[in-house]
Structure formats: structure tokens, C-alpha cells
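Inspection log for the structure reproduced underneath, given as C-alpha cells.
Residue numbers (UniProt numbering): 1 to 153.
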């Protein structure tokens with residue numbers, strides 16, 4: 001029976017991973033915003049932290065990172081919903097960017113192949129964090145898996 005774990009023992013570590021992911025997005029967006037300040041809004045862009053970026057993608061990354069950081073700070077399963085939604089959204093954006101990578105007119109985010117890879121990784125990290133960060137009161141969480149299966153350790 002498939003289910004999303006509730007009160008996972010490694011939940012604090014997954015929340016830290018979510019926080020680090022959000023901090024990376026903010027740092028990338030901020031550095032990209034500073035680096036591309038004199039460039040076109042939706043052009044081929046420049047290299048930022050080894051990835052291609054332009055002003056539009058820098059702003060999007062900055063906003064997404066701030067949302068992830070805010071949701072992680074608030075907690076209360078809001079971070080679960082936000083991380084899952086933004087993770088899947090980043091996978092969609094990465095797929096779109098991969099499809100238009102070799103075009104000049106449709107690559108409005110200034111992606112390179114390394115940007116696609118990092119976008120996929122960040123999206124998958126956020127989805128993974130959302131799967132293991134859910135919390136509930138102890139009475140509603142149910143017994144741990146070992147107890148349900150009749151094992152002691």
C-alpha cells in the first residue's frame with residue numbers, strides 16, 4: 001500500500017534540504033539579477049554559477065527561492081504543498097527549456113543544458129522533500145511501520 005509517510009524520523013533533515021534548496025535559488029537569482037542587470041530581459045543571457053541565465057529567469061528563481069524559504073520557515077504542512085507544487089513546476093519548466101534549447105526565439109529564459117540539469121535536480125529535490133516532510137499529531141499518524149509489520153527493530 002503506497003502512502004506518504006507522516007512524521008518521518010528524518011523530517012528535520014528533509015526540511016534543512018528544502019531550506020538549502022530555497023537558499024540556492026535565492027542566491028542564484030540574486031547573483032543572476034546583479035550579473036544581468038545591463039542585459040536584455042529575455043535574451044540569450046550570461047553564465048551565472050555555471051548556468052545560463054537572463055534577467056527573467058533570475059527574477060523567477062529569486063521569487064521561487066523566497067517562496068520556498070518562507071514556506072519552510074512557516075512549516076505546518078504548508079511547506080509540503082509548496083515544495084510539491086514548485087517541484088513539479090520546475091520539472092515542467094526544465095522540460096520546456098530542454099525542448100526549445102537550440103532555438104533563439106523560444107528560449108526566453110536563456111537556458112543552457114547545465115541550467116536544465118540543475119532545474120531538474122532542484123525540482124526533484126523539492127518533490128522528495130515534500131514527500132517526507134509531512135507532519136501530523138501523534139494520535140493521527142498511526143503506528144510506525146515496524147510495529148504495523150510486527151517487527152521490533
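We put the CB at the ideal spot given by N, CA and C, even for glycine.
Straight-line CA distance for residue i to residue j?
i: residue 67; j: residue 20; result: 13 angstroms
i: residue 166; j: residue 132; result: Any answer about residue 166 is impossible in this case: the structure gives the chain only from 1 up to 153.
i: residue 121; j: residue 138; result: 32 angstroms
i: residue 81; j: residue 44; result: 33 angstroms
i: residue 98; j: residue 104; result: 13 angstroms
i: residue 106; j: residue 40; result: 15 angstroms
i: residue 125; j: residue 24; result: 12 angstroms
i: residue 241; j: residue 63; result: The shown model of the chain, from 1 to 153, leaves out residue 241, and the question about it has no answer.
DSSP on residue i, reduced to helix/strand/coil?
i: residue 6; result: coil
i: residue 47; result: strand
i: residue 58; result: helix
i: residue 29; result: helix
i: residue 52; result: strand
i: residue 109; result: coil
i: residue 95; result: helix
i: residue 83; result: helix
If I measure Cβ to Cβ from residue i and keep anything under 8 angstroms in the same chain, skipping five residues before and after, which residues do I get?
i: residue 5; result: 131, 132 and 134
i: residue 114; result: 50, 51 and 52
Going by the CB atoms, is the gap between residue j and residue i shorter than 9 angstroms?
i: residue 53; j: residue 36; result: yes
i: residue 56; j: residue 31; result: no
i: residue 123; j: residue 69; result: no
i: residue 95; j: residue 83; result: no
i: residue 92; j: residue 109; result: no
i: residue 34; j: residue 88; result: no
Just checking my contact of residue i with residue j at CB under 8 angstroms: how many whole Å lie between their CB atoms?
i: residue 119; j: residue 90; result: 5 angstroms
i: residue 26; j: residue 75; result: With 8 angstroms as the limit, residue 26 and residue 75 do not qualify as a contact, their Cβ atoms being about 18 angstroms apart.
i: residue 29; j: residue 59; result: 7 angstroms
Output needed for residue i: all residues of its chain with C-beta closer than 7 angstroms, excluding positions within five of it in sequence on either side, in chain order.
i: residue 47; result: none
Note down, in chain order, each residue of its chain lying with its Cβ closer than 6 angstroms to the Cβ of residue i, except the 5 sequence neighbours on either side.
i: residue 1; result: Any reading at residue 1 needs caution, since the residue's pLDDT is 37, under 50, leaving its predicted position unreliable; the model's value is listed next. Correct list: empty, nothing qualifies.
i: residue 116; result: 94, 97 and 98
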